[in-house]
Amino acid sequence: MLQRLAPGEYSQVYQILRDSFPKSERRTRERQIKLMENEHYRIEVWREGDTVKAFLALWDFGDFLYVEHFAVGESYRNEGLGKKMLTELLSREKRLICLEVEPPQTEMAKRRIGFYERLGFFLQPYEYVQPALRETEPSLPLMIMSYPRPISREEFEKFRDTVYPQVYDQHPCQEQ
Numbered sequence: 003m004l005q006r007l008a009p010g011e012y013s014q015v016y017q018i019l020r021d022s023f024p025k026s027e028r029r030t031r032e033r034q035i036k037l038m039e040n041e042h043y044r045i046e047v048w049r050e051g052d053t054v055k056a057f058l059a060l061w062d063f064g065d066f067l068y069v070e071h072f073a074v075g076e077s078y079r080n081e082g083l084g085k086k087m088l089t090e091l092l093s094r095e096k097r098l099i100c101l102e103v104e105p106p107q108t109e110m111a112k113r114r115i116g117f118y119e120r121l122g123f124f125l126q127p128y129e130y131v132q133p134a135l136r137e138t139e140p141s142l143p144l145m146i147m148s149y150p151r152p153i154s155r156e157e158f159e160k161f162r163d164t165v166y167p168q169v170y171d172q173h174p175c176q177e178q
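Reading the sequence shown from the start, the letters are residues 3 to 178 in the numbering used here.
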């Protein structure tokens, strides 16, 4: 069952984040901890006893929810835990949910997109670039997926125009 991150669990979450995402797709530990003070941001975890097995890092913007990071600890992968977590989130949330994925240029990226599509997400055709999370890293061309339906160009622009300044501290016109 998904639950809010408890005090003292952050180290486990950050270890999963480090193991699951390249440096270019995650903030420094200090910046990530500071993010916990943001009213729109929360982390939900799947735990067993004192062990965090997986987490979802979410941004709540009222009209929509943005899943910034979603990862299962290496020891717990391929057991259906990711599907359970997202199924629970999707059944609980009755609004638009968006997330970023890598373009389908590698076998792994295609598998991830397929995973989300099987859960009801739609791959969007709009051009999107994730601003850099670290000054030393480049921005990343990514794609947006939405649930429970495709989104219009106007909805995509609202998503981008909200996420860029709130999540990436950047105005949409400042794309790198």
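We put the beta carbon where it would ideally sit given N, CA and C, even for glycine.
With Tyr43 as the anchor, note down where its beta strand (DSSP E) starts and where it stops. Here residue 43 refers to the residue found at position 41 of the sequence shown. Looking at the DSSP string, the run of the beta strand (DSSP E) that includes Tyr43 is 43-50.
Determine contact between the region 156-172 and the region 127-145, defined as no fewer than three beta-carbon pairs at a distance below 8 Å. yes
Given Arg151 as reference, the closest of Arg136, Tyr12, Cys100 once Cα atoms are compared: Locating residue 151 in the sequence shown gives position 149, counting from the first residue. When only C-alpha atoms are compared, the closest one is Cys100.
What does the Cβ neighbour count give for Gln126, buried or exposed, with the cut at 16 atoms within 10 Å? Taking the first residue of the sequence shown as 1, we reach residue 126 at position 124. Classification of Gln126: buried, given that the 10 Å Cβ count is 16 or more.
Locate the alpha helix (DSSP H) running through Ser22, then write down its first and last residues. If you number the sequence shown from 1, residue 22 lands on position 20. Looking at the DSSP string, the run of the alpha helix (DSSP H) that includes Ser22 is 12-22.
Keeping to the same chain, check which residues put their C-beta closer than 6 Å to that of Lys112; ignore five residues upstream and five downstream. Along the sequence shown, one-based indexing puts residue 112 at 110. Closer than 6 Å at Cβ, skipping near neighbours: Pro106.
Closest by CA to Asp21, which one among Phe72, Arg120, Leu67, Lys36? Against the sequence shown, residue 21 aligns to sequence position 19. It is Phe72.
Look at the Cβ atom of Met87, then the Cβ atom of Leu19, and state whether they are nearer than 9 Å. Numbered from 1 along the sequence shown, position 85 holds the residue referred to as residue 87. Numbered from 1 along the sequence shown, position 17 holds the residue referred to as residue 19. It is not a contact, given that the beta carbons lie outside the stated cut-off.
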